[in-house]
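S.K.:
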Amino acid sequence: MKKVGVFVGEKGKWGFFRHIFDDLNKHYQTQVFQEKAYNIPLLYGRINRWAYQHGIRSTLRRSDLSFFEWASELLVPASHMPRYCPLVTRLHSYEITFWAQKVNWDQVDKVILVSQAMQHKFAQLFPDHARKTAVVYNGVPLEKFRRRPRHDFRFNLGMLCSIHPIKRVYETVILVHKLKQRGLKPHLHVAGGRWENGYFDDYYVAIERAIEKLGLADNVTLHDHVEETADWLSAIDIFISNSYWEGQQVALLEAMAAGCHCLSHFWDGAEEVLPPENIFITEDELLEKIIAYCGLTEKERHRRQAEMEALARDKFDAERQKAQIREIIEETCQTIV
906 MKKVGVFVGE KGKWGFFRHI FDDLNKHYQT QVFQEKAYNI PLLYGRINRW
956 AYQHGIRSTL RRSDLSFFEW ASELLVPASH MPRYCPLVTR LHSYEITFWA
1006 QKVNWDQVDK VILVSQAMQH KFAQLFPDHA RKTAVVYNGV PLEKFRRRPR
1056 HDFRFNLGML CSIHPIKRVY ETVILVHKLK QRGLKPHLHV AGGRWENGYF
1106 DDYYVAIERA IEKLGLADNV TLHDHVEETA DWLSAIDIFI SNSYWEGQQV
1156 ALLEAMAAGC HCLSHFWDGA EEVLPPENIF ITEDELLEKI IAYCGLTEKE
1206 RHRRQAEMEA LARDKFDAER QKAQIREIIE ETCQTIV
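Here this note's numbering is used: position 35 in the sequence shown is 940, and no number is missing along the way.
(1) Tell me the DSSP secondary structure of residue 1061 in three-state form.
(2) Could you please give the first and the last residue of the uninterrupted alpha helix (DSSP H) stretch that includes residue 1115?
(3) Would you say residue 1019 lies against chain D (beta-carbon separation less than 9 Å)?
(4) Helix, strand or coil for residue 1143, going by three-state DSSP, please let me know.
(5) Does DSSP put residue 1230 in a helix, in a strand, or in coil?
(6) Would you report the Cα separation of residue 1178 and residue 956, rounded to the nearest angstrom?
(7) By how many angstroms is the C-alpha of residue 984 removed from the C-alpha of residue 1006?
(8) Rounded to the nearest angstrom, what separates residue 906 and residue 933 at their Cα positions?
(9) Secondary structure at residue 912, three-state DSSP: helix, strand or coil?
(10) Quick one: grab the DSSP three-state call for residue 976.
(11) Can you tell me where the alpha helix (DSSP H) holding residue 1081 begins and where it ends?
(12) Between residue 1238 and residue 987, which are expected to be in contact by the criterion C-beta below 8 Å, what is the C-beta distance as a whole number of angstroms?
(13) Count Cβ pairs between the region 1069-1080 and the region 1207-1224 that sit closer than 8 Å; are there 3 or more?
(14) Drop a sphere of 10 angstroms on the beta-carbon of residue 1154, count the other beta-carbons inside from all chains shown, and report buried for 16 or more, exposed for fewer.
(15) Which of the three DSSP states is assigned to residue 1055 in this structure?
(16) Taking the C-alpha atoms as reference points, what is the distance between residue 963 and residue 1234?
(17) Tell me whether residue 927 sits in a helix, a strand or coil according to DSSP, three-state version.
(18) Would the beta-carbon of residue 1139 fall within 9 Å of that of residue 1053?
(19) Would you mind sorting residue 1150 into buried or exposed? The rule is 16 or more other CB atoms within 10 Å of its CB.
(20) In angstroms, rounded to a whole number, what distance separates the CA positions of residue 1212 and residue 1011?
(21) Relative to the C-alpha of residue 1122, which residue among 1129, 1001, 1113 is closest?
(22) If you run the structure through DSSP and keep just helix, strand and coil, what is residue 1206?
(23) With DSSP run on the structure shown, which of helix, strand or coil describes residue 984?
(24) Within a Cβ cutoff of 6 Å, which residues of the same chain sit near residue 937, ignoring the five residues on either side of it in sequence?
(25) So, residue 980 versus residue 994, is the Cβ gap smaller than 9 Å?
(26) Does the distance from the CB of residue 909 to the CB of residue 977 come in under 9 Å?
(27) What is the rounded straight-line gap between the Cα of residue 1141 and the Cα of residue 1061?
(28) For residue 1128, name the three-state secondary structure that DSSP assigns.
(29) For residue 1097, count the other beta carbons within 10 Å of its own beta carbon; 16 or more makes it buried, fewer makes it exposed. Which is it?
(30) Since residue 969 contacts residue 1227 with CB under 8 Å, what's their CB separation in whole angstroms?
(31) Between residue 1078 and the rest of its own chain, which residues show a CB-CB distance below 8 Å, the 5 nearest in sequence each way excluded?
(32) Pair every Cβ in the region 1164-1174 with every Cβ in the region 1011-1024, then say whether three or more of these pairs are closer than 8 Å.
(33) Please report the straight-line C-alpha distance between residue 1157 and residue 1210, rounded to a whole angstrom.
(34) Whose C-beta lies closer than 8 Å to the C-beta of residue 916 among residues of the same chain, with five residues either side of it excluded?
(35) Going along the chain, which residues of its own chain have a beta-carbon closer than 6 Å to the beta-carbon of residue 1127, five neighbours each way excluded?
Spelled out as structure tokens, the structure:
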């Protein structure tokens, strides 16, 4: 059984990787890099830098292949070490602007991108390494996320994200105000809570103040992190992805599989997820798309919900995603000496 070293970057951000790792664990002998820290007076910094480098090097040495979830702070030092085994990484989104320039791509054998749009960005920045790329769409566990009957339209709008300016939650709150001015009664639910470590608290406060000043206390609810995402989505009529930058938004794929009517801003790659009629550029376009959906018959809304679910099942099945990643690992092991 092949030994696969697993490095989870972003300080151990497992959210989008847990189901992939569980699958790798069934097919390979996996060993997960664990950072060790020592609290030794005077030598604290030097000892921990040594331990960090030693731990990465040791995991690479014991592996037939190493897989890096997130092309970030763990891949950078590993790519500058002597070659011990083939390296495969999965690059999501923001790494391409923050970490990618620091990686020694000569040492990386395969780069998995989550969309063709991200693949195009990578190829533009690193044309000599474009041949190493492969696109594997994000996947949704379809046995968990499935369409449930919605017998009445309650005008529940949903966004599933931590409060970050990139998600444009503030603009969506203003949209709710505009819908109210049209005589409608929407309710926007935003699940995810504040960004960790106090980052973007000013943005969160600005959203709270906008809700207060516009009298939207009964129309906007800011939820904390939601554990049972599928249950939460079952109460959402229209899911909105209003970001200006995404790799491939997992929450949007989950909402589609759950049968929500989904609308997205035209961030790069959105066209790989949704049909053109579900993508908007301006807030006015979004407003009109929401109003138009509200005016549909119940039968037509159910038909469109079924279309969303079918699209997710056809393109974003987690089982297919896991199989494609295993195939890339096998091919890399066979072709790289």
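We treat Cβ as the ideally placed atom computed from N, Cα and C, and that holds for glycine.
All values reported here derive from a predicted model rather than from experimental measurement.
M.R.: In terms of the structure at hand:
(1) Counted from its first residue, the sequence shown places residue 1061 at position 156. Residue state, collapsed to three classes: strand.
(2) For the purposes of this step, residue 1115 is taken as the residue at position 210 of the sequence shown. Where residue 1115 is concerned, the enclosing alpha helix (DSSP H) stretches over 1106-1118.
(3) Of the chains in the structure shown, none is chain D; there is only one protein chain.
(4) Numbered from its first residue, the sequence shown carries residue 1143 at position 238. The answer is strand: DSSP assigns residue 1143 an E or B state.
(5) Locating residue 1230 in the sequence shown gives position 325, where the first residue counts as 1. Helix, per DSSP.
(6) To locate residue 1178, count along the sequence shown from 1; it is residue 273. To locate residue 956, count along the sequence shown from 1; it is residue 51. Rounded to whole angstroms, residue 1178 to residue 956 spans 42 Å at the Cα level.
(7) Taking the first residue of the sequence shown as 1, we reach residue 1006 at position 101. Taking the first residue of the sequence shown as 1, we reach residue 984 at position 79. Near 12 Å, if we compare the C-alpha coordinates of residue 984 and residue 1006.
(8) Position 1 of the sequence shown, counted from the start, is the residue given in the question as residue 906. Position 28 of the sequence shown, counted from the start, is the residue given in the question as residue 933. Between residue 906 and residue 933, the C-alpha separation is close to 6 Å.
(9) For the purposes of this step, residue 912 is identified with residue 7 of the sequence shown, where counting begins at 1. The answer is strand: DSSP assigns residue 912 an E or B state.
(10) Against the sequence shown, residue 976 aligns to sequence position 71. Residue state, collapsed to three classes: coil.
(11) Residue 1081 sits at position 176 when you count from the first residue of the sequence shown. Element bounds for residue 1081: 1074-1086.
(12) Position 333 of the sequence shown, counted from the start, is the residue given in the question as residue 1238. Position 82 of the sequence shown, counted from the start, is the residue given in the question as residue 987. So it is not a contact: roughly 19 Å between Cβ atoms.
(13) no
(14) Counting from 1 along the sequence shown, the entry for residue 1154 is found at position 249. The residue is buried, with at least 16 neighbouring Cβ atoms inside 10 Å.
(15) Here the question's residue 1055 lines up with position 150 in the sequence shown. Coil, per DSSP.
(16) Locating residue 963 in the sequence shown gives position 58, counting from the first residue. Locating residue 1234 in the sequence shown gives position 329, counting from the first residue. Taking the straight line joining both Cα atoms gives about 20 Å.
(17) As a position in the sequence shown, residue 927 is number 22, starting the count at 1. Correct three-state label for residue 927: helix.
(18) Here residue 1139 corresponds to residue number 234 of the sequence shown, with the count starting at 1. Here residue 1053 corresponds to residue number 148 of the sequence shown, with the count starting at 1. Taking 9 Å as the Cβ cut-off, residue 1139 and residue 1053 qualify as a contacting pair.
(19) By one-based count along the sequence shown, residue 1150 stands at place 245. It is exposed - the Cβ of residue 1150 has fewer than 16 other Cβ atoms within 10 Å.
(20) Counted from its first residue, the sequence shown places residue 1212 at position 307. Counted from its first residue, the sequence shown places residue 1011 at position 106. Their backbone Cα atoms lie some 43 Å apart in a straight line.
(21) The residue labelled residue 1122 in the question sits at position 217 within the sequence shown. Of the candidates 1129, 1001, 1113, the one whose C-alpha sits nearest the C-alpha of residue 1122 is 1113.
(22) Residue 1206 sits at position 301 when you count from the first residue of the sequence shown. Helix, per DSSP.
(23) Within the sequence shown, the letter at position 79 stands for residue 984. Note: residue 984 maps to helix in three-state DSSP.
(24) Counting from 1 along the sequence shown, the entry for residue 937 is found at position 32. These residues qualify, in order along the chain: 911.
(25) Position 75 of the sequence shown holds residue 980. Position 89 of the sequence shown holds residue 994. For residue 980 and residue 994, yes; Cβs fall inside 9 Å.
(26) Within the sequence shown, the letter at position 4 stands for residue 909. Within the sequence shown, the letter at position 72 stands for residue 977. Pairing residue 909 with residue 977 gives a Cβ-Cβ distance that is not under 9 Å.
(27) For the purposes of this step, residue 1141 is taken as residue 236 along the sequence shown, with counting starting at 1. For the purposes of this step, residue 1061 is taken as residue 156 along the sequence shown, with counting starting at 1. Looking at the two C-alpha atoms, the distance is approximately 5 Å.
(28) In the sequence shown, the residue the question calls residue 1128 occupies position 223. In this structure, residue 1128 counts as strand in the three-state DSSP scheme.
(29) To locate residue 1097, count along the sequence shown from 1; it is residue 192. Residue 1097 should be labelled buried.
(30) Looking up residue 969 in the sequence shown gives position 64. Looking up residue 1227 in the sequence shown gives position 322. That pair is no contact at about 19 Å.
(31) As a position in the sequence shown, residue 1078 is number 173, starting the count at 1. Taken in chain order, the residues that qualify are 1093, 1112, 1115, 1116, 1119, 1121, 1125.
(32) yes
(33) Looking up residue 1157 in the sequence shown gives position 252. Looking up residue 1210 in the sequence shown gives position 305. Each residue's Cα considered, the two are about 13 Å apart.
(34) As a working note, residue 916 is residue 11 in the sequence shown. Within the same chain, residue 916 has close Cβ partners 978.
(35) The sequence position of residue 1127 within the sequence shown is 222, counting from 1. Excluding residues within five positions, the ones whose Cβ falls inside 6 Å are 1095.
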